[in-house]
Amino acid sequence: MNTSYITDYYNNYNEDERTKSRHGSVEFTTNMKYIRQYVPQGAKVLDVGAGTGVYSMALAMDGYDVHAIELVEHNIEVFRENLKACGAEIPVEQGNALDLSRFADESFDAVLLFGPLYHLYTKEDKLTVLREAKRIVKPGGRIFAAYCMNEATIIQYIFAGDGSEMMDYLTRGLLTADYHCISEPAEIFELVRLEDIDELNREAGLKREKIVASDLFTRYIKDRLPNFSEAVYQAYVKYHLSICERPDLIGATNHSLDILTKEWFLCRPLPSMRPRPIPSTSVPAFWNGPGS
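Below is the structure:
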């Protein structure tokens with residue numbers, strides 16, 4: 006897999022500033038809420054595609070045992086500088102979400118995928134990442150998988166301004182007949198719909214606990230947020246958190262967060278499934294067979 010386009014993008018992108026902005030803080034606050042809800046303090050967490058360490062450091066300061074891997078060397082350098090300032094101790098390694106073979110089976114209580122699935126353009130690669138996360142998470146543990154959603158991008162970016170970007174996308178064949186974006190590495194981000202995520206989960210053998218709209222309408226109004234007073238901004242965050250689980254709104258968010266567990270029947274081999282004979286005396290007298 007050629008990762009140069011990802012490296013080039015993040016070498017020139019300030020992820021720290023994005024998460025500190027008001028619109029970025031809504032996504033961060035939402036994701037942290039659900040990690041804390043589903044993963045107990047002190048749990049062992051692997052942050053895959055950790056970026057500059059925003060989530061890793063917040064969780065470490067909360068008392069989680071955090072380990073991190075990141076693809077882009079520039080992000081790792083910034084991560085390590087940030088660690089000096091916060092005082093947390095987090096092992097940070099260079100690595101790729103497609104290959105987590107350095108980690109043993111069932112060795113983490115939670116795995117964060119906040120970024121890797123944004124930049125994978127084939128179903129096979131996405132499944133590889135999900136299956137690797139499934140392999141290293143403990144039974145009963147959680148996988149948090151973030152995605153970029155299709156419709157928010159079409160409305161906010163492709164129809165932005167005078168809408169001419171839409172005509173460019175149509176001319177270049179970057180949209181299907183039903184307006185699903187056809188992402189390529191040059192576009193940086195892979196965009197999905199809920200049915201795409203559902204299909205990945207089925208094939209990876211993962212069970213959804215919950216799916217959340219991490220930022221929902223926040224980016225639609227991001228230019229207004231700096232003008233809000235602190236009280237109004239906090240009221241907006243409270244409103245957002247009250248609606249972010251609504252299934253009818255998931256397709257409108259920029260970023261979704263899928264909270265997953267292993268399917269029990271797929272995570273461990275079961276003992277022999279051959280039925281044991283039941284002595285006739287153990288069958289209740291009122292049971293006369295199927296359909297009774």
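In terms of the numbering used here, the sequence shown opens at residue 6 and continues consecutively. Glycine included, each C-beta is placed from N, C-alpha and C at the ideal position.
Within the DSSP secondary-structure output, residue 51 pairs in a beta bridge with 72 and 116. Where residue 213 is concerned, the enclosing beta strand (DSSP E) starts and stops at 211–218.
Assignment of residue 144 by DSSP, reduced to helix, strand and coil, places it in the strand class. The beta-bridge partner set that DSSP reports for residue 197 consists of 154. Remark: C-beta atoms of residue 194 and residue 141 do not approach each other more closely than 7 Å. Put simply, the backbone Cα of residue 166 is about 21 Å away from that of residue 178. Boundaries of the alpha helix (DSSP H) around residue 11: 9–16. Under the three-state reduction of DSSP output, residue 185 falls in the coil class, being neither helix nor strand. Residue environment for residue 236: exposed (fewer than 16 other C-beta atoms within 10 angstroms of its C-beta). Within the model, the alpha-carbon separation for residue 130 versus residue 103 is close to 7 Å. In summary, residue 90 is exposed, with fewer than 16 beta-carbon neighbours lying within 10 Å of its beta-carbon over all protein chains present. About 6 Å separates the CB atoms of residue 184 and residue 159; that is less than 8 Å, so the two are in contact.
Taking the C-beta atoms as reference points, residue 115 is found no nearer than 7 Å to residue 145. About 6 Å separates the Cβ atoms of residue 132 and residue 208, confirming a contact at the 8 Å cut-off. In the structure shown, the three-state DSSP call for residue 266 is strand. Ranked by Cα distance from residue 87, the options 101, 65 and 70 are led by 65. Within the same chain, Cβ atoms closer than 7 Å to the Cβ of residue 254 are found at 218, 221 and 248, the five residues on either side in sequence being excluded. Contact annotation: residue 154 and residue 261 have beta-carbon atoms nearer than 7 Å.
Per DSSP, the continuous alpha helix (DSSP H) segment holding residue 242 begins and ends at 235–248. By the criterion of a C-beta distance shorter than 6 Å, residue 204 is surrounded by no residue of its chain, once the five residues flanking it on both sides are discounted. Following the DSSP letters along the chain, one finds residue 161 in no beta strand (DSSP E), marked with neither H nor E.
For residue 42, the enclosing alpha helix (DSSP H) stretches over residues 27–43. Residue 58 holds the alpha-carbon nearest to the alpha-carbon of residue 92 among 58, 99, 124 and 54. If you ignore the 5 residues before and after residue 82, its C-beta comes within less than 7 Å of no other C-beta in its own chain.
With contacts defined as CB atoms closer than 7 Å, residue 151 and residue 119 qualify as a contacting pair. Here residue 48 is buried. Its C-beta has 16 or more other C-beta atoms within 10 Å.
Residue 190 and residue 8 have their C-alpha atoms spaced approximately 9 Å apart. Between residue 259 and residue 157, the C-beta gap is smaller than 7 Å, which places the two residues in contact. If you ignore the 5 residues before and after residue 202, its C-beta comes within less than 7 Å of the C-beta of 152 and 263, all in its own chain and listed in chain order.
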